[in-house]
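Below is one structure, written out as structure tokens; comments come after it.
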Amino acid sequence: MRVHLILLGMVLGCSQAPPPDQAPRTTMVTVTEASFVAESLAEEQIRLLLRSESSLIEPDSFFAEGAIVLADGELRGSVPRLAGVGLGGTIQLVSTRVSTSGGFVWAIIEYRWLPMFESDVIRFGVATLVFGRDREGAWKLMHMHSSSPVQARERSSPADATDALPGASGG
Numbered sequence: 041m042r043v044h045l046i047l048l049g050m051v052l053g054c055s056q057a058p059p060p061d062q063a064p065r066t067t068m069v070t071v072t073e074a075s076f077v078a079e080s081l082a083e084e085q086i087r088l089l090l091r092s093e094s095s096l097i098e099p100d101s102f103f104a105e106g107a108i109v110l111a112d113g114e115l116r117g118s119v120p121r122l123a124g125v126g127l128g129g130t131i132q133l134v135s136t137r138v139s140t141s142g143g144f145v146w147a148i149i150e151y152r153w154l155p156m157f158e159s160d161v162i163r164f165g166v167a168t169l170v171f172g173r174d175r176e177g178a179w180k181l182m183h184m185h186s187s188s189p190v191q192a193r194e195r196s197s198p199a200d201a202t203d204a205l206p207g208a209s210g211g
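Numbering (the working numbering), first residue to last: 41 to 211.
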């Protein structure tokens, strides 16, 4: 019992309350309705983009007029627009970060392309997307830049360029 009291005394003696003149530190995060709506719209647009890329179907009025789309440093005018995406297969979203700044919403996504055929390898990519409102006020994709690991680009064509996960095999 005496040992427990000594330990309790040591713990209490080492702890300190903040001085009375200092308020506890807090971090405030401001979320406006506009930023919440913009981020929700961007996440929906990302889902549409991935669905379009997986099915190799051009999305209707998804891109702004004059949108710039780059994949591994090359302009892309049609599907697949994301680096590392080949013909057929499925695109899985690995992670997403969406932020707002002024009248723009930007997102960074990490994705993987799962090939239709087992003889191919799983491929990975990262894309930055910038959304803005067009003249009619609709959210459009203004700019998209995606890239895949350099090692895969040395082995593959631009439409197929990405690398496999370590230890992953297509067969």
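Glycine included, each C-beta is placed from N, C-alpha and C at the ideal position.
For residue i, the nearest candidate out of the options (CA to CA)
| i | options | result |
| --- | --- | --- |
| residue 94 | 106, 129 and 76 | 129 |
| residue 146 | 118, 157 and 180 | 180 |
| residue 143 | 186, 106 and 175 | 175 |
| residue 72 | 140, 159, 188 and 101 | 140 |
| residue 187 | 85, 101, 160 and 115 | 115 |
| residue 109 | 84, 169 and 161 | 169 |
N-terminal and C-terminal residue of the beta strand (DSSP E) that residue i is part of
| i | result |
| --- | --- |
| residue 166 | 163-173 |
| residue 133 | 130-141 |
| residue 152 | 144-154 |
| residue 102 | Here residue 102 belongs to no beta strand (DSSP E), and DSSP marks it neither H nor E. |
| residue 181 | 179-187 |
Beta-carbon spacing of residue i, residue j below 8 Å
| i | j | result |
| --- | --- | --- |
| residue 149 | residue 178 | no |
| residue 184 | residue 137 | no |
| residue 134 | residue 163 | no |
| residue 113 | residue 165 | no |
| residue 155 | residue 117 | no |
Anticipated Cβ contact below 8 Å, residue i with residue j, distance rounded
| i | j | result |
| --- | --- | --- |
| residue 172 | residue 82 | Contact flag wrong, Cβ pair sits at about 11 Å. |
| residue 182 | residue 111 | Rounded, the Cβ-Cβ distance is 16 Å, inconsistent with contact. |
Does the segment 85-94 touch the segment 129-149, meaning 3 or more C-beta pairs lie closer than 8 Å?
-> yes
At a cut of 8 Å, does the segment 97-111 reach the segment 74-83 through at least three beta carbon pairs?
-> no
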